[in-house]
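Enquirer: In my numbering, the protein residues as written are 49 to 378.
Quick one: this structure, given as structure tokens, is what I'll be asking you about.
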């Protein structure tokens, strides 16, 4: 277990393997103090609460590093930034010693109405300037770099003039923010929009990534939905390994937000990452060695999955349904 007494730093990326903190596991964690490296909390679940949830969080924060992950910053919205929300976010980060604060490259509402969805933004110069300006303000208020995650998306915009990965790359350079690379979201969006997930990962600035997300999703044949309700599928594990081969080193977290299993099952799932990292370390990658669908990115271990393996190859004529993943708040 990582020493939770070490000085918090928003730029530390080597926390190890962690899981999301969920109420279903409060009692188990307090009683057994499991050998997990760190926990990620949903910021909104603790910003305004006291009582038992905050008591449990305080107890856990004394023993484990904490990272905050939000779903309501709405960095891409045209509404003014919610300064009261940001102050609460900063206070919670200070009180828990959060190593960093993250949210999503998205918008969540308009006219002060929260849709509780992570809605996509157009990828163009105007959106880029708007998002970067808001990131700079947020970082000044939080007094730390903001970490932003690539969301799963289900629609695209005619107004987009660049790819998502180009938008994210430029966003980090121009705003100074850092990245939470959700490998499952890369895969889900690649199926929904028919792009190469390895091309996406090749374009991500490795030195800006401080955290990985891994999660399960639902494959509906014509498209995927980011549901976080099961095990990580083989292809997502392969992409995680590929990201490592491409030089991305970051703290790794497993998300499981519906049909939540017992803690030991959750922990065992994230520990599978060790096998993929060991296989990556044993097989160094030279730039140019791996094509987008090369067999060399296949895992060296067998991972159980209920997803039809053939579905990963169905990339042509994928419809883009007007559906959005539900918010991650419990």
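Backbone N, C-alpha and C fix where the C-beta goes; we use that ideal spot for every residue, glycine too.
Quick caveat: nothing in here was measured; it's all calculated off a predicted structure.
Compare the C-alpha of residue 161 against each of 137, 185, 170 and 120 and name the closest.
Expert: Nearest of 137, 185, 170 and 120 to residue 161, Cα basis: 120.
Enquirer: Could you check if residue 68 is buried or exposed, using at least 16 other CB atoms within 10 Å of its CB as the buried criterion?
Expert: Per the 10 Å Cβ criterion, buried.
Enquirer: Pull up the distance between the alpha-carbon of residue 163 and that of residue 286, whole angstroms please.
Expert: Cα to Cα, the separation comes out at about 33 Å.
Enquirer: Assuming residue 149 contacts residue 116 (C-beta within less than 8 Å), just tell me the rounded distance between them.
Expert: Yes, residue 149 and residue 116 are in contact; Cβ-Cβ is about 5 Å, under 8 Å.
Enquirer: Using 8 Å as the cut-off, can you tell me whether the stretch 245-258 makes contact with the stretch 195-215, which would need three or more C-beta pairs spanning the two stretches below that distance?
Expert: With the cut-off at 8 Å, the stretch 245-258 and the stretch 195-215 touch.
Enquirer: Between residue 380 and residue 199, is the Cβ-Cβ spacing less than 8 Å?
Expert: Absent from the model: residue 380. The displayed extent of the chain is 49 to 378, so no value can be given.
Enquirer: What distance in whole Å lies between the Cβ atoms of residue 277 and residue 295, which are believed to be in contact at a cut-off of 8 Å?
Expert: Not really, about 31 Å apart at Cβ, beyond 8 Å.
Enquirer: Specify the secondary structure class of residue 162 as computed by DSSP and reduced to three states.
Expert: Here residue 162 sits in strand by DSSP.
Enquirer: Identify, in the order they occur along the chain, each residue of the same chain with its Cβ nearer than 8 Å to the Cβ of residue 179, setting aside the five sequence neighbours on each side.
Expert: Result list for residue 179: 123, 124, 153, 169, 219 and 223, in chain order.
Enquirer: Around the C-beta of residue 312, are 16 or more other C-beta atoms found within 10 angstroms, so that it is buried, or is it exposed?
Expert: It is exposed - the Cβ of residue 312 has fewer than 16 other Cβ atoms within 10 Å.
Enquirer: Using three-state DSSP, classify residue 74 as helix, strand or coil.
Expert: Looking at residue 74 - three-state DSSP - the assignment turns out to be helix.
Enquirer: List the residues that DSSP assigns as beta-bridge partners of residue 167.
Expert: Per DSSP, 155.
Enquirer: Which word fits residue 62, buried or exposed, when buried means at least 16 other C-beta atoms lie within 10 angstroms of its C-beta?
Expert: Exposed.
Enquirer: Going by the DSSP bridge assignment, what does residue 266 pair with across the sheet?
Expert: According to DSSP, which records beta bridges pairwise, residue 266 is partnered with 273.
Enquirer: Would you be able to state if there are at least three C-beta pairs under 8 Å between the stretch 130-139 and the stretch 69-88?
Expert: The stretch 69-88 is not in contact with the stretch 130-139.
Enquirer: Measuring alpha carbon to alpha carbon, tell me which residue in 323, 306, 290 and 292 is nearest residue 274.
Expert: Among 323, 306, 290 and 292, the Cα nearest to that of residue 274 belongs to 306.
Enquirer: Could you compute how far the alpha carbon of residue 166 sits from the alpha carbon of residue 111?
Expert: Going by the C-alpha atoms only, they are around 32 Å apart.
Enquirer: Go ahead and pull the three-state DSSP assignment for residue 81.
Expert: Three-state result, residue 81: coil.
Enquirer: Taking DSSP as the reference, what is the three-state secondary structure of residue 282?
Expert: Of the three classes helix, strand and coil, the one that applies to residue 282 here is helix, per DSSP.
Enquirer: Going by DSSP, which residues form a beta bridge with residue 230?
Expert: 261, per the DSSP bridge assignment.
Enquirer: Between which two residues does the beta strand (DSSP E) holding residue 246 run?
Expert: It is not in any beta strand (DSSP E) - residue 246 instead sits in the alpha helix (DSSP H) that spans 245-251.
Enquirer: Below 8 Å on the Cβ atoms is my guess for residue 195 versus residue 229; work out the distance and round it to an integer in Å.
Expert: Rounded, the Cβ-Cβ distance is 10 Å, inconsistent with contact.
Enquirer: What residues are listed by DSSP as bridge partners for residue 123?
Expert: Answer is none; residue 123 lacks a bridge partner.
Enquirer: Can you tell which of 237, 184 and 245 has its C-alpha closest to the C-alpha of residue 201?
Expert: Out of 237, 184 and 245, 237 has the C-alpha closest to the C-alpha of residue 201.
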